[in-house]
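Here the sequence shown stands for residues 0 to 177, numbered as in numbering that gives the first Met the number 0.
Beneath this line is the structure, given in structure tokens, with notes to follow.
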Amino acid sequence: MTVSPTLQASRGYLSILAQVPAELAERIVTWRLAHGATGEAARSCHITVLITRNERGDEALRQLRTDLSGHGAISLELGTPASFEPVAPVTYLPLTRGAACFEHIHTECAALVGESASPFPYEPHLTLANGLGEGARALSLADFAQLPVHLRSFSVERLEVYRYERENWEHLGNIDLL
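Here it is, written out as structure tokens:
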């Protein structure tokens, strides 16, 4: 089972995420399942904006919705697969376009709803393989280097907000960027 270096089941978190297009998500999830990934982490395919301890409450979240409304869609392009090793056994697709915008929104979200709970500096990315063996991680780098161009570019028009507590995810709503 994949273990998150950030989420601890005994604590509550607020997660702000950007979903990826269904065709891209299906390709990644199918690959993960074929290479031994299990559970919710295998099926979750998104770009994390922020994970925080959720200590500032619903008013801060309402303010965030107001502040980000009208921001505009974020145009993204995914780059060549990379690895966070040796820091973490994770492979990913970096954002080659849209990263600065995600970093700005991450900072704005953290200022309003709480600091990041992640032990790592924020780097916007789409996780490919997390917690899989070394061979599967190496294979993910090769397999996703061949990702078709039409799957590498897309726009994000909304963010999704979830509460994570005791290994359960509750969808709290969306933040429309348009």
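Think of the CB as a built atom: it goes at the ideal place given N, C-alpha and C, for glycine as much as any other residue.
From a predicted model like this one, the values you see are computed outputs, not experimental measurements.
Helix, strand or coil at residue i [DSSP, three-state]
i	result
Ala87	coil
Leu158	strand
His170	strand
Gly11	strand
Arg136	helix
Thr106	helix
Ala81	strand
Distance CB(residue i)-CB(residue j) smaller than 8 Å
i	j	result
Val155	Ile15	no
Thr47	Glu114	no
Ile104	Leu67	yes
Ile73	Cys100	yes
Arg136	Ser82	yes
Gly56	Leu75	no
Leu127	Leu23	no
Gly38	Leu131	no
Arg162	Leu63	no
Glu107	Tyr121	no
Asn129	Ala33	no
His11	Glu169	In the sequence under discussion, the amino acid at residue 11 is Gly, which differs from the His named in the question. Going by C-beta atoms, Gly11 is not nearer than 8 Å to Glu169.
Bridge-paired residues (DSSP) for residue i
i	result
Ala201	What the structure shows of the chain is the stretch from 0 to 177, and residue 201 is not part of that stretch, so it cannot be assessed.
Glu164	Gly11 and Asn167
Asp142	Asp142 pairs with nothing; no bridge assigned.
Glu76	Arg96 and Ser152
Ile50	Ser14
Ser115	Thr51
Whole-Å CB distance - residue i paired with residue j, under 8 Å assumed
i	j	result
Phe143	Leu92	6 Å
Thr95	Leu111	Incorrect: roughly 28 Å between the Cβ atoms, too far for contact.
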